[in-house]
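The opening position of the sequence shown corresponds to residue 33 in our numbering, with each subsequent residue numbered one higher. Step one of this worksheet: look at the structure below.
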Amino acid sequence: MGLQYALAGIMTMISDNLQAVQARIARACAACGRRPDEVSLLAVSKTFGTEAVLEAARAGQRAFGENYIQEAVEKIAALTRPNAPPLQWHCIGPIQSNKTQLVARHFQWAQTIDRLKIAQRLNDQRPPDLAALNVCIQVNADGGATKSGASPEDAVELALSVAKLPRLRLRGVMSIPDPLPDFDAQCAAHRRVREVFDAIAARLPAGCGKFDTLSLGMTADLEAAIHAGSTMVRVGSGIFGARHYAVQQT
Numbered sequence: 033m034g035l036q037y038a039l040a041g042i043m044t045m046i047s048d049n050l051q052a053v054q055a056r057i058a059r060a061c062a063a064c065g066r067r068p069d070e071v072s073l074l075a076v077s078k079t080f081g082t083e084a085v086l087e088a089a090r091a092g093q094r095a096f097g098e099n100y101i102q103e104a105v106e107k108i109a110a111l112t113r114p115n116a117p118p119l120q121w122h123c124i125g126p127i128q129s130n131k132t133q134l135v136a137r138h139f140q141w142a143q144t145i146d147r148l149k150i151a152q153r154l155n156d157q158r159p160p161d162l163a164a165l166n167v168c169i170q171v172n173a174d175g176g177a178t179k180s181g182a183s184p185e186d187a188v189e190l191a192l193s194v195a196k197l198p199r200l201r202l203r204g205v206m207s208i209p210d211p212l213p214d215f216d217a218q219c220a221a222h223r224r225v226r227e228v229f230d231a232i233a234a235r236l237p238a239g240c241g242k243f244d245t246l247s248l249g250m251t252a253d254l255e256a257a258i259h260a261g262s263t264m265v266r267v268g269s270g271i272f273g274a275r276h277y278a279v280q281q282t
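The following block contains the structure:
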């Protein structure tokens, strides 16, 4: 009985947290004159098991982000069941060459394209019976040498090349700025990414389809990201609670 009560408490927490995050999104949108439906919520479920994802799905959440590809593929397989709600899976972790086939076969989105080589492999390995893979260019707006992402200067040309690949659908940009101490500094960092988004949009030829996704903001800074124009916030601990990392996978 004790375990059942503990599980019930965790599941109630996830539902309550989802409502709280949606309320934060609504307040942030109201503060800058935007509509709440302009911002989608990506629940970052890395390191959490299938029961946590299922409870979030029961509470209405459908889009989930995963960083560790092997872990994600196992989770996706376990959650692809008859009569289960259809879930949308986003790869938001680094993609190595030896993992592109897994991403191409199992995900609907890949948000961390930072090299043309990876994009080309995803394009070539996307099964023909699946819809084109939605992708975002990851931008390293801080300029850190050890961080993933294309530089703002390189991101535009990379995006234009990715847009030509037939099995990929270029949807926008994403970034993970370094943690910053206050709202104004967070807004400034997110606006730098918005400038890259705008520069790409200005150069895309007609007929490229929707270029509509600015994936910015996490639990700690989603208000600043929305103020800067984010259309998708990625929230993990704010929904599922603190993570306890074991051996990390890729």
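Glycine residues also receive a C-beta, built at the ideal position from the N, C-alpha and C atoms. Bear in mind that the values here come from a model prediction, so they are computed numbers and not experimental data.
Considering only G125, L248, A60, the residue with the shortest C-alpha distance to K78 is G125.
When DSSP states are grouped into helix, strand and coil, R66 belongs to the coil group. With fewer than 16 other beta carbons inside 10 angstroms of its own, Q128 counts as exposed.
Closest by C-alpha distance to M45, out of R203, R66, A91, S193, is A91. The closest CA to that of I258, considering only A187, A220, T144, is found on A220.
When beta bridges are read from the DSSP output, S72 appears opposite M264. With a 10 Å radius around the Cβ and a threshold of 16 neighbouring Cβ atoms, T263 comes out buried. By the criterion of at least three beta-carbon pairs nearer than 8 Å, the segment 134-143 is not in contact with the segment 171-189. A52 sits in a helix when the DSSP states are folded into three classes. Straight-line spacing of the CA atoms in R59 and D156 works out to 42 Å. N166 is bridged by DSSP to W141, R201.
Around the beta carbon of S247, a 10 Å sphere encloses 16 or more other beta carbons of the protein chains shown; the residue is thus reported as buried. In this structure, R199 keeps its C-beta atom at 7 Å or more from the C-beta atom of T245. In this structure, the alpha-carbon of P184 lies about 44 Å from that of N115. Rounded to the nearest whole angstrom, the C-alpha separation of L192 and K242 is 14 Å. Taken atom to atom, the span from the alpha-carbon of V85 to that of L154 is near 26 Å. Within its own chain, the residues whose Cβ lies closer than 7 Å to the Cβ of V53, once the five positions on either side in sequence are excluded, are L73, V267, G270, I271, listed in chain order. Per DSSP, the beta bridge partners of F96 are A75, W121. Shown here, M45 sits in a helix according to DSSP, grouped into three states.
CA-to-CA, the gap between S47 and A274 works out to about 15 Å. Within the same chain, and ignoring the five residues on either side of A195 in sequence, the residues whose Cβ sits closer than 7 Å to its Cβ are L202, L236, C240. Rounded to whole angstroms, the separation of the alpha carbons of N166 and A110 is 23 Å. By the neighbour-count definition (other C-beta atoms within 10 Å, threshold 16), E83 is an exposed residue.
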